[in-house]
């Protein structure tokens, strides 16, 4: 990240509940400054923190894409993003994965940016898709990931859950609102975000196959069946939240 810019760090090892407390406190300070500044020059309070453009974009509901790297992480932009944009990468052997390291430089995991990313080769034809997926992974915030409950531990459910996170990371603001409406009965989050939902946003296995996802709004519960492919899952999820956003336990 560019020196001097402020951006949430979802990979930090501090417990999620503690991180949210700090974020909430920082948000209240910024909100106080903005409110007092709106009252007139004698009340003006300047916020010295300079937020990254990708973070500001997410605050107003915009999707993050690879062009934000140029301002927010110019070193990565020059060393990787621009090189991929300007060159033939067919022979690079690059896949839709991102290596995640700890503070000491030890490799923690190879995260897939799309379903089957570890076996999907990056080509000249799909390199923009790769860069946008990389931007979503590195720059997007993860409020929902940090604040949800799970019911289900089978291999099939873990597979569908991975697909769910990929689908949600590519949702528009309207689609996120529809997902909330479908699952909780309300299209908006309470102040404080997913952390303040009661009960927590609950993702569970529905123990069915190929049906549309269902929801129980009294419990903020989203039930996900099993599917053969990501494409089948994504189509079913989008259809469910589009057609059943007013329903309760709809199939």
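In UniProt numbering, the protein residues as written are 1 to 251.
C-beta: ideal position from N, C-alpha, C; glycine also.
Quantities reported herein were computed from a predicted structural model and do not represent experimental measurements.
- The beta carbon of residue 119 sits closer than 8 Å to those of 95, all from its chain and outside the five residues before and after it, given in chain order.
- Contact check for residue 195 and residue 147: beta-carbon distance about 5 Å, within the 8 Å limit, so the pair qualifies.
- Residue state for residue 123 is assigned as coil, using DSSP reduced to three classes.
- The alpha carbon of residue 150 has as its nearest neighbour, out of 172, 164 and 173, the alpha carbon of 164.
- Boundaries of the alpha helix (DSSP H) around residue 166: 155-169.
- Following the DSSP letters along the chain, one finds residue 71 inside the alpha helix (DSSP H) bounded by residues 69-72.
- When the five nearest sequence neighbours on each side are left out, the beta carbons in the same chain lying within less than 7 Å of the beta carbon of residue 133 are those of 96, 113 and 114, in order along the chain.
- Taking the CA atoms as reference points, residue 217 sits about 27 Å from residue 228.
- Boundaries of the alpha helix (DSSP H) harbouring residue 230: 230-243, taken from the DSSP string.
- Rounded to whole angstroms, the gap between the alpha carbons of residue 174 and residue 238 is 11 Å.
- In the three-state reduction of the DSSP assignment, residue 83 falls in the helix class, which pools H, G and I.
- Selection 224, 76 and 179 evaluated against residue 157 yields 224 as nearest (Cα-Cα).
- If you draw a straight line from the Cα of residue 98 to the Cα of residue 137, it is about 8 Å long.
- Partner residues in the beta bridge of residue 202, as assigned by DSSP, are 149 and 221.
- Where residue 109 is concerned, the enclosing beta strand (DSSP E) starts and stops at 107-112.
- Excluding five sequence positions before and after residue 124, the CB atoms of its chain that fall closer than 7 Å to its own CB belong to 88, 89 and 90, given in chain order.
- Excluding the 5 residues flanking it on each side, residue 220 has same chain C-beta neighbours closer than 7 Å at 183, 184, 197, 199, 200, 201 and 202, in chain order.
- In the DSSP secondary-structure assignment, residue 183 is not bridged to any residue.
- Rounded to the nearest angstrom, the Cβ distance from residue 121 to residue 84 is 13 Å, too far for a contact under 8 Å.
- If you draw a 10 Å sphere on the C-beta of residue 117, you find 16 or more other C-beta atoms in it, and that means buried.
- Rounded to the nearest angstrom, the gap between the Cα atoms of residue 50 and residue 72 is 11 Å.
- Per the coordinates, the alpha-carbon of residue 77 lies some 25 Å from the alpha-carbon of residue 167.
- Excluding its 5 nearest sequence neighbours in each direction, residue 152 has C-beta neighbours in its own chain below 6 Å: 204 and 205, listed in chain order.
- CA-CA distance, residue 177 to residue 144, rounds to 13 Å.
- Restricting attention to 226, 128 and 208, the CA atom closest to the CA of residue 159 is found in 226.
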